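Asker: Mind having a look at this structure? Questions to follow.
In this note's numbering, the protein residues as written are 25 to 359.
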């Protein structure tokens, strides 16, 4: 039996992307919530809630980007020039956040500056990730296997909507994470923030979901023609179930983990819905997974390395979350 290596690598990259979104998403969300907490001890607690894991979370971004370059070089060579601006801004935002983690604890006079760097970097990274996603979904102009669009093609009402939706979703994940990791006044405020953000996110999921099929005839056919509709119809119902579980967890305060898990379910279901629209495309509207893939001999060689690397990343990630489980120590500092 011959392995479909392009399909396997598409699956690995898809897993890396959703792992990054759900893991780095909540710590970006904590950063975006940072300005809402004015006291220094509150901000210390927020930063300590993600300090042990944030850098490990971003490993998945490197894996996804590096895997795309190695396994799908054509897709990488098209996506990068098409989305230079949002990707560059995203990286700048992540750099500011990373520096803020280190410098905020080492200074007194500049501490407020690094507070702003942490918050602004988080907002910038989250929003531009959503904008880049919207630019990808709406399609990239390709001629002769090269990007043929303009500098601003990524910027549209749809991409701005996806940017806002992803930022709101990350804020919700951040609030739900803080419900798990904190108690007292911070936790009580996060319950309130999460309720409002849940309404915003579910509304934006509805808007983007209804908008996406009308961007491309292939998307429309995938969702609304028979027999496809028999397979896709359960997706909105599952989203409603996850939204109900989220709201119930936020209403009944004894269920600290339920809101976070339900919010993760909303992200995963939205991601699956995106995959349904895209399949078998790597880059809408015309580049498929097999069109974009590297030669099988290269993919096979890379797969051996991935099979060694992935268990190590998973083991490290799981161990880090296990070691730093439980509530944040209010008196600890990031060193």
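All C-beta atoms in this analysis are idealised placements derived from N, C-alpha and C, irrespective of residue type, glycine included. As the structure is a computational prediction, the values presented were derived from the model and not from experiment.
What is the DSSP secondary structure of residue 288, counted as helix, strand or coil?
Answerer: Numbered from 1 along the chain shown, position 264 holds the residue referred to as residue 288. Residue 288 falls in the helix class under three-state DSSP.
Asker: Can you tell me where the beta strand (DSSP E) with residue 307 in it begins and where it stops?
Answerer: On the chain shown, position 283 is the one that residue 307 refers to. Looking at the DSSP string, the run of the beta strand (DSSP E) that includes residue 307 is 305–307.
Asker: Which stretch, first to last residue, makes up the alpha helix (DSSP H) that contains residue 236?
Answerer: Taking the first residue of the chain shown as position 1, residue 236 is located at position 212. Element bounds for residue 236: n/a, residue is neither H nor E.
Asker: May I have the straight-line CA-CA distance separating residue 246 from residue 300, to the nearest angstrom?
Answerer: By one-based count along the chain shown, residue 246 stands at place 222. By one-based count along the chain shown, residue 300 stands at place 276. If you take the alpha carbons of residue 246 and residue 300, they lie about 7 Å apart.
Asker: By the three-class DSSP mapping on this structure, what secondary structure does residue 166 have?
Answerer: Residue 166 sits at position 142 when you count from the first residue of the chain shown. Residue state, collapsed to three classes: strand.
Asker: Taking all protein chains shown into account, do 16 or more other C-beta atoms lie within 10 angstroms of the C-beta of residue 310, making it buried, or fewer, making it exposed?
Answerer: Taking the first residue of the chain shown as position 1, residue 310 is located at position 286. Exposed, because fewer than 16 other Cβ atoms sit within 10 Å of the Cβ of residue 310.
Asker: Return helix, strand or coil for residue 249, following the three-state DSSP convention.
Answerer: Translated into positions along the chain shown, residue 249 becomes position 225. In the structure shown, residue 249 sits in coil (DSSP, three-state: anything other than H, G, I, E or B).
Asker: Looking at residue 185 and residue 221, is the spacing between their C-beta atoms short of 7 Å?
Answerer: Translated into positions along the chain shown, residue 221 becomes position 197. Translated into positions along the chain shown, residue 185 becomes position 161. Cβ atoms of residue 221 and residue 185: not closer than 7 Å.
Asker: Would you report the Cα separation of residue 359 and residue 136, rounded to the nearest angstrom?
Answerer: Walking along the chain shown from the start, residue 359 turns up at place 335. Walking along the chain shown from the start, residue 136 turns up at place 112. Because residue 359 carries a pLDDT of 49, less than 50, the predicted location of this residue cannot be relied on, and no value is offered for it.
Asker: Kindly confirm or deny that the stretch 269–276 and the stretch 232–252 touch, where touching means at least three C-beta pairs closer than 8 Å.
Answerer: The answer is no - the stretch 232–252 does not touch the stretch 269–276, with fewer than three Cβ pairs under 8 Å.
Asker: With C-beta atoms as the reference, is residue 146 less than 7 Å away from residue 52?
Answerer: Looking up residue 146 in the chain shown gives position 122. Looking up residue 52 in the chain shown gives position 28. Contact: yes.
Asker: Suppose the cutoff is 7 Å on Cβ atoms and the five residues either side in sequence are ignored; what does the same chain contact list for residue 30 look like?
Answerer: Translated into the one-based positions of the chain shown, residue 30 becomes position 6. Once the five neighbours on either side are set aside, the close Cβ partners of residue 30 are 313, 314, 317, 323.
Asker: Which value, in whole angstroms, describes the spacing of the CA atoms of residue 351 and residue 62?
Answerer: Residue mapping note: residue 351 aligns to position 327 of the chain shown, counting from 1. Residue mapping note: residue 62 aligns to position 38 of the chain shown, counting from 1. Cα to Cα, residue 351 sits roughly 21 Å from residue 62.
Asker: Put residue 69 into one of helix, strand or coil per three-state DSSP.
Answerer: Taking the first residue of the chain shown as position 1, residue 69 is located at position 45. Reduced to three states, the DSSP call for residue 69 is helix.
Asker: Provide the residue span of the alpha helix (DSSP H) that contains residue 178, from first to last.
Answerer: The residue you call residue 178 lines up with position 154 of the chain shown. First-last for residue 178: undefined, no H or E at that position.
Asker: Under DSSP, the alpha helix (DSSP H) around residue 83 begins and ends at which residues?
Answerer: Along the chain shown, one-based indexing puts residue 83 at 59. Note, residue 83: alpha helix (DSSP H), 83–95.
Asker: Assign residue 26 to buried or exposed, taking buried as 16 or more other Cβ atoms, counted over all protein chains shown, within 10 Å of its Cβ.
Answerer: One-based indexing of the chain shown puts residue 26 at position 2. Answer is exposed; the Cβ neighbour count stays below 16.
Asker: I need the straight-line Cα distance from residue 292 to residue 44, nearest angstrom please.
Answerer: On the chain shown, position 268 is the one that residue 292 refers to. On the chain shown, position 20 is the one that residue 44 refers to. Straight-line Cα distance between these residues: approximately 12 Å.
Asker: Spell out a yes or no on whether the stretch 67–83 and the stretch 110–130 are touching, meaning 3 or more CB-CB pairs, one atom from each, closer than 8 Å.
Answerer: Segments in contact, yes.
Asker: For a test of the three-state rule: what should DSSP assign to residue 359, helix, strand or coil?
Answerer: For the purposes of this step, residue 359 is taken as residue 335 along the chain shown, with counting starting at 1. Any reading at residue 359 must be qualified, since the residue scores a pLDDT of 49, below 50, and its modelled position is unreliable; no value is offered.
Asker: Pick helix, strand or coil for residue 206, following the three-state DSSP scheme.
Answerer: Taking the first residue of the chain shown as 1, we reach residue 206 at position 182. Looking at residue 206 - three-state DSSP - the assignment turns out to be coil, as it is neither helix nor strand.
Asker: Please report the residue range of the alpha helix (DSSP H) in which residue 328 lies.
Answerer: As a first step, residue 328 must be located in the chain shown, where it is residue number 304. Run containing residue 328: 320–347, per the alpha helix (DSSP H) assignment.
Asker: Under a Cβ-count criterion, where at least 16 other Cβ atoms within 10 Å of its own Cβ denotes burial, should residue 132 be classed as buried or exposed?
Answerer: Walking along the chain shown from the start, residue 132 turns up at place 108. It counts as exposed.
Asker: Could you pull out every residue in the same chain whose Cβ sits closer than 6 Å to the Cβ of residue 32, ignoring the five residues on either side in sequence?
Answerer: Within the chain shown, numbered from 1, the residue matching residue 32 stands at position 8. Closer than 6 Å at the Cβ level, and outside the excluded window around residue 32, lies no residue.
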